[in-house]
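Student: Structure in structure tokens, see below.
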Amino acid sequence: MSISTPSAVSTWTIDPAHSVVELAVKHMMFSTVKGRFPNVTGTITLDESNLANSRVSAQIEAASISTGEANRDGHLRSADFLDVENFPSITFEATGVVPRGGNTLVVIGDLTLHGVTQEVTLETEMAGKGADPWGGQRVGFAASTTISRKEFGLIWNQGLEAGGVLVGDQVKISLEIQATLKSS
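Each residue of the sequence shown is one higher than the one before, counting from 176 in the numbering used here.
The following block contains the structure:
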């Protein structure tokens with residue numbers, strides 16, 4: 176399936192029940208801790224005849240962070256990290272789409288996290304598109320990027336006795352997004 180097949184512009188609604196944003200960051204410089212943001216919503220405007228005109232607008236509920244460890248999740252929600260009381264949402268607004276051929280493209284946009292906006296580049300793949308068993312249409316995307324915590328003002332850390340720091344700066348972000356065709 177190629178995403179360059181000509182068709183009309185379509186609007187898709189991100190399905191939070193079938194989408195997830197995951198993160199991975201080094202802990203103590205030698206192991207990786209992973210977390211998920213299951214509460215993601217937004218809209219994808221897909222122009223398959225000219226992918227450069229496509230856009231994405233997404234919101235993540237910052238307090239939905241889950242690493243599987245309640246104490247760590249509470250710390251991540253605190254002012255040391257996400258500060259969800261002051262910054263309840265993480266947002267992404269695409270500013271450009273660059274087709275790479277086949278099902279791959281680059282989505283460039285503004286990520287706002289912890290009150291700071293930075294441009295990020297998402298390496299993206301259109302994973303598929305088709306009818307669901309209930310008469311609707313669905314599309315799936317997989318995307319990834321890496322950001323620096325420090326660039327978003329997330330500077331809390333602790334030094335380790337043996338050298339190094341408790342929490343790595345680089346955060347790998349992976350997205351699995353499924354969206355439904357919005358009715359006219």
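Yeah, the Cβ is synthetic: ideal placement off N, Cα and C, and Gly gets one too.
This one's a predicted model, so the numbers in the text were calculated from it and none came from an experiment.
Quick one: what's I348 bridged to in DSSP?
Tutor: Paired residues: L198 and T320.
Student: Find the nearest neighbour of I189 within the set G303, M204 and T216, judged by alpha-carbon distance.
Tutor: Here the closest residue by C-alpha is T216.
Student: Would you check if the stretch 299 to 308 and the stretch 253 to 270 touch, i.e. whether three or more CB-CB distances between them fall below 8 Å?
Tutor: Output reads no: the stretch 299 to 308 does not touch the stretch 253 to 270.
Student: Whole angstroms is fine: what's the gap from G339's alpha carbon to L198's?
Tutor: Their Cα atoms are separated by approximately 21 Å.
Student: When the distance is taken between beta carbons, is R324 closer than 9 Å to Q345?
Tutor: The answer is yes: Cβ separation under 9 Å.
Student: Is the distance from the Cβ of V208 to the Cβ of I348 below 9 Å?
Tutor: Not in contact: V208 and I348 (Cβ atoms no closer than 9 Å).
Student: Where does L280 fall in DSSP's three states?
Tutor: DSSP places L280 in strand when its eight states are reduced to three.
Student: Leaving out five residues before and five after N214 in sequence, what residues of the same chain have Cβ atoms less than 7 Å from its Cβ?
Tutor: The answer, listed in chain order, is P191, I235, E236 and S239.
Student: Indicate the three-state DSSP secondary structure (helix, strand or coil) for E223 in the structure shown.
Tutor: Of the three classes helix, strand and coil, the one that applies to E223 here is coil, per DSSP.
Student: Any contact of the stretch 312 to 332 with the stretch 283 to 297, i.e. 3+ C-beta pairs under 8 Å?
Tutor: Yes: the two stretches touch, three or more of their Cβ pairs being nearer than 8 Å.
Student: Between which residues of its own chain and A334 is the CB-CB distance below 8 Å, once the five residues before and five after are set aside?
Tutor: For clarity, residue 334 is Gly in the given sequence; the question names Ala instead. Excluding residues within five positions, the ones whose Cβ falls inside 8 Å are V340 and L341.
Student: Flag this pair as yes or no: are the beta carbons of E298 and V281 separated by less than 9 Å?
Tutor: For E298 and V281, yes; Cβs fall inside 9 Å.
Student: What residue does the alpha helix (DSSP H) around G243 start on, and which one ends it?
Tutor: Premise fails: G243 is in no alpha helix (DSSP H) and is neither H nor E.
Student: Between the beta-carbon of L356 and the beta-carbon of W187, is there less than 9 Å?
Tutor: Yes, the pair counts as a contact, with Cβ atoms nearer than the cut-off.
Student: According to the neighbour-count rule (16 or more other Cβ atoms, all chains shown, within 10 Å of its Cβ), is V259 buried or exposed?
Tutor: Buried is the call here.
Student: Quick check on the DSSP output: the beta strand (DSSP E) that includes K162 runs from which residue to which?
Tutor: Within the shown structure, residues of the chain are numbered from 176 to 359, placing residue 162 beyond reach of any answer.
Student: By Cβ distance, which residues of its chain are closer than 8 Å to L221, with the 5 residues on each side in sequence left out?
Tutor: Same-chain partners within the cutoff: V184, S185, T186, W187, S229 and V314.
Student: So, helix, strand or coil for A237, using DSSP?
Tutor: Helix, per DSSP.
Student: Got a sec? Which residues, its chain only, sit under 6 Å from V274 by beta carbon, not counting five neighbours each side?
Tutor: Note that residue 274 is Pro in the sequence shown here, rather than Val. Contacts found: L226 and L280.
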